[in-house]
Amino acid sequence: MRLTQTLIPTLREAPQDAEIPSHKLMMRAGLIMKLGGGLYTFLPAGLKALRKVERIVREEMDRAGALEVLMPALQPREIWEKSGRYAVLKESMFKVKDRQQRDMVLGPTHEEVITDLVSRLISSYRQLPKTFYQIQTKFRDEIRPRFGLMRAKEFSMKDAYSFDVSWEAADISYQAMYDAYVRIFKRCGLRTKVVEADTGAMGGNFSHEFMVLAESGEDGIVECEACSYAANLERAERKAPVPKASSTDQPPTVVATPGQRTIEEVSSFLKLKPWDLIKTLIYLADGNPIAVLVAGHRDLNEHKLARILGGVSLEMADDQTIAKVTGAPVGFAGPVGLKIPIYADVELQTPRIMATGANSADSHLINVMIERDFQVTSFHDLVIAKEGDKCPRCSIRMREKRGIEVGHVFKLGTKYSQAFDAGFLDDKGTRQISIMGCYGIGVTRTLQAIIEQSFDEDGIIWPMAIAPYQVSVVVPNTGHAESVRVAEELIRDLEAKGIEVLFDDRDERPGVKFKDADLMGLPIRAVISERSLAEGKVEVKRRTEKDKQMVSVTDTVSVIQSIIQGELA
RNA sequence: CGGGGUGUAGCGCAGCCUGGUAGCGCGCCAGCCUUGGGCGUUGGAAGUCGUGGGUUCAAAUCCCACCGCCCCGACCA
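Residue numbers (my numbering): 1 to 569.
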């Protein structure tokens, strides 16, 4: 392809609204163009790269035995009511009406559609197991789209759904997808970290996320420095330290703490460490107030709390409720005397002398001892794990990282198959419900994550498997007819071998072409000039390397071919 | 949704405080020159100054409202 015939509008400067390296580079390299917040057009080169990701995904899904289908993005509201997710997800779904004023949504995901489909088409255990997948555009009304394709309102996703006759069989389907994901990301040139994850709005009981480690990642994760334990912060457990027990004969004593509301304020006012304070949070669980206690230096993990309480809707109590429950304005809540259920983090289980809010304005209690002065309903691991916490498996130190979630595999169970009565007759003629799994890859996000993980100060460094073109041919002086003639011949030979070549045939200064070649990041660059031809050579350089090699004109095709094969192997 | 920022040519920005002719760099078009790391030069095209309203003889500039975009947050006890 000639550069003058396609459209790759490279930019010298990054548009001001791009923040992270991969977003800036996608814009600068002319891969995408913004239409509005979270909405992007794929330009020719960007689309070529995207198609390569899709192709790898497709090949590995097919290899894993999954069946490709294509479901509607436009869906009737009813199926979302049926699964009960309309209420859960309605804020994040785009809702439209047809001309009959029927409510429709633009699908953010497809559990409902596929389960409805399977409930109609599968009736016997002989038809199972089945895994279906599609690569399709998803719509989500994100609270805050950002970072280009990383979090967009409209994006391409590969979603897959497995149906099995039993939990054991479902584990096999899950593992097959897991293994396929490992291969997909490896082929995309990505280094990923697999972590245990929270299932969130998807439901189900177990999931793994595939994370691309990156500073700009939106997810926090912890990983053990010794064993293989790694988890999303939303789920990560920690082995709680057992503090030294202490006790006092002094009863809880009220001290005035005018205007001191936050842990930082109170601890410095009382000359205590945050660790010596009990943080008391008031929540509404399905509308009923509960208290949650964590040590002052810790933050509550709402996901853990929600899981322990078992599927209730959870929200922080508003100021009025807090005032009603505690008898004090916000900032002075404490567990002593509370008449509501109290859940506490395990780190508080060892009785020791602590301080907490006094449930009355501008005052706190000191000399408070758990169990002696108040009773806890139950203890759980309730806090967000952090750097330095002990691994729940092996007790060794964990460290914190950030990651981009590019894939997520779930064991779903029967949440949807139950709702849609997606079942089958077993060999005894008994009606059973299918066990489901679901599996997603953010295709557009994966593309950008590849760049986020592979660039330098000059631009993108594409992996061979994803690069829009494998070879960039540069003729520094297009006024030199012989250079152009040799270049065109080389390109013809390369293309005859199925190699994709981008020929920079612009009448530009050499510097411009070299800068753009680096920016676009094609893996191999071939330069043909009067200078190189004087020796009968072509200069071949890999984007990943500083040094160039001089190759005789006749050997160039085979040299390039072997570089490509070597890297794709 | 809350807070902050921002909106002037395709991109990056100045001008606004102190109202009076809309400007710079890159890019684009035509020519000359040059040809191994964003070269030089001459000429040129291109902007409802986000939108609407108000103040004023006069508004990019001052005031009000709305909209878009970006960032932070959506756990405060």
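Don't be surprised by glycine CBs; every beta carbon is placed ideally from N, CA and C.
(request) Have a look at M211, K339, I460 and flag the residue whose alpha-carbon is nearest the alpha-carbon of G30. (result) Ranking M211, K339, I460 by Cα distance to G30 puts I460 first.
(message) Do A45 and I20 count as a contact pair if the criterion is CB distance below 9 Å?
(response) No, these two residues do not count as a Cβ contact at 9 Å.
(request) Give a yes or no on whether the C-beta atoms belonging to S529 and V475 are separated by under 9 Å. (result) Yes, these two residues count as a Cβ contact at 9 Å.
(request) Out of G403, E500, N477, state which residue places its alpha-carbon closest to the alpha-carbon of Q453. (result) Residue G403 is the option with its Cα nearest to Q453.
(message) Between which two residues does the alpha helix (DSSP H) holding F503 run?
(response) No alpha helix (DSSP H) contains F503, which is instead part of the beta strand (DSSP E) from 501-504.
(request) Rounded to whole angstroms, what's the CA-CA distance from G388 to V553? Just pull it up for me. (result) Answer to the nearest angstrom: the Cα atoms are 58 Å apart.
(request) At 3 residues or longer, and completely inside the region 369-449: list those beta strand (DSSP E) runs for me, N to C. (result) For the region 369-449, whole beta strand (DSSP E) runs of length 3 or above, ordered along the chain, are 378-380, 398-413, 423-425, 431-433, 435-442.
(message) Between which residues of its own chain and M1 is the CB-CB distance below 6 Å, once the five residues before and five after are set aside?
(response) Only L502 meet the Cβ criterion.
(message) Helix, strand or coil for M316? Go by DSSP, reduced to three states.
(response) Reduced to three states, the DSSP call for M316 is strand.
(request) Could you check which residue in G38, I172, K48 has the C-alpha nearest to that of T6? (result) Checking every option, the nearest Cα to that of T6 belongs to K48.
(message) Rounded to the nearest angstrom, what separates A230 and E315 at their Cα positions?
(response) Cα to Cα, the separation comes out at about 28 Å.
(request) Using the Cα positions of L89 and A467, report the straight-line distance between them to the nearest angstrom. (result) Rounded to whole angstroms, L89 to A467 spans 36 Å at the Cα level.
(message) Do I370 and A344 count as a contact pair if the criterion is CB distance below 9 Å?
(response) For A344 and I370, yes; Cβs fall inside 9 Å.
(message) Please tell me whether M464 and E567 are closer than 9 Å, where the distance is taken between their beta carbons.
(response) At the C-beta level, M464 and E567 come within 9 Å of one another.
(request) Enumerate in chain order the residues of its own chain whose CB-to-CB distance from V330 is below 6 Å, with the five nearest sequence positions on each side excluded. (result) The beta carbon of V330 lies closer than 6 Å to those of D319, I322 in the same chain, with the five residues before and after it left out.
(message) For the beta strand (DSSP E) containing H208, name the first residue and the last one.
(response) For H208, the enclosing beta strand (DSSP E) begins and ends at 206-213.
(request) Go through its chain and collect everything with a Cβ distance to A226's Cβ below 6 Å, but skip five positions before and after it. (result) C394, I396.
(request) Less than 8 Å between the CB atoms is what I'm expecting for T280 and G357, so what's the real figure, rounded? (result) The Cβ separation is near 6 Å, so the contact holds.
(message) Measuring alpha carbon to alpha carbon, tell me which residue in Y125, Q260, R531, A526 is nearest D555.
(response) Of Y125, Q260, R531, A526, the residue nearest in Cα terms is A526.
(message) Beta-carbon within less than 6 Å of D516's beta-carbon, same chain only, minus the 5 sequence neighbours each way: which residues are those?
(response) So the qualifying residues of the chain are T10.
(message) Suppose you measure from the CA of Y40 to the CA of Y439; what does that come to, to the nearest Å?
(response) If I take the Cα positions, the gap works out to 24 Å.
(request) Pull up the distance between the alpha-carbon of R102 and that of A240, whole angstroms please. (result) Whole-angstrom Cα-Cα distance: 52 Å.
(request) Return the chain-ordered list of same chain residues with a C-beta closer than 6 Å to the C-beta of L106, the five sequence neighbours on each side being excluded. (result) So the list reads A73, F94, F139, once near-sequence residues are dropped.
(request) Tell whether a beta-carbon distance below 9 Å holds between A295 and S313. (result) No, the Cβ-Cβ distance between A295 and S313 is not below 9 Å.
(message) For G429 and A176, what's the separation of their Cα atoms in angstroms?
(response) Between G429 and A176, the C-alpha separation is close to 28 Å.
(request) Could you please give the first and the last residue of the uninterrupted beta strand (DSSP E) stretch that includes M150? (result) Following the DSSP letters along the chain, one finds M150 in no beta strand (DSSP E), marked with neither H nor E.
(message) Could you check whether F420 and E112 sit closer than 9 Å to each other, using their CB atoms as the reference points?
(response) Their beta carbons are under 9 Å apart, which means E112 touches F420 by this criterion.
(request) Compute the distance between the beta-carbons of I340 and V325, then report whether it is under 9 Å. (result) It is a contact, given that the beta carbons lie within the stated cut-off.
(request) Reducing DSSP to helix, strand and coil, say where Y125 ends up. (result) Assigned with DSSP and collapsed to three states, Y125 falls in helix.
(request) Determine the extent of the beta strand (DSSP E) in which D159 is found, giving its start and end residues. (result) D159 -> beta strand (DSSP E) spans 154-164.
(request) Identify every run of the alpha helix (DSSP H) within the region 195-282, keeping only runs that are complete inside it and at least 4 residues long; order them along the chain. (result) Those alpha helix (DSSP H) runs which fall completely within the region 195-282 and span 4+ residues are 263-269.
(message) Taking 8 Å as the cut-off, does the region 179-193 touch the region 347-367 (at least 3 CB pairs, one atom from each stretch)?
(response) They do not touch, by the three-pair rule.
(request) Run through the region 13-38 for me and flag every whole beta strand (DSSP E) of 3 or more residues, listed as ranges in chain order. (result) If we require 3 residues or more, the beta strand (DSSP E) runs fully inside the region 13-38 come out as 32-36.
(request) Express the C-alpha separation of R51 and F42 in angstroms, rounding to a whole number. (result) The straight-line gap separating the alpha-carbon atoms of F42 and R51 is approximately 11 Å.
(message) So, under 8 Å CB-CB, I184 and E60 are touching, yes? Tell me the CB distance rounded to an integer number of Å.
(response) The Cβ separation is near 5 Å, so the contact holds.
(request) Please name the residue in A496, P392, T444, M550 whose C-alpha comes closest to that of K153. (result) Just measuring C-alpha positions, the residue of A496, P392, T444, M550 sitting nearest K153 is T444.
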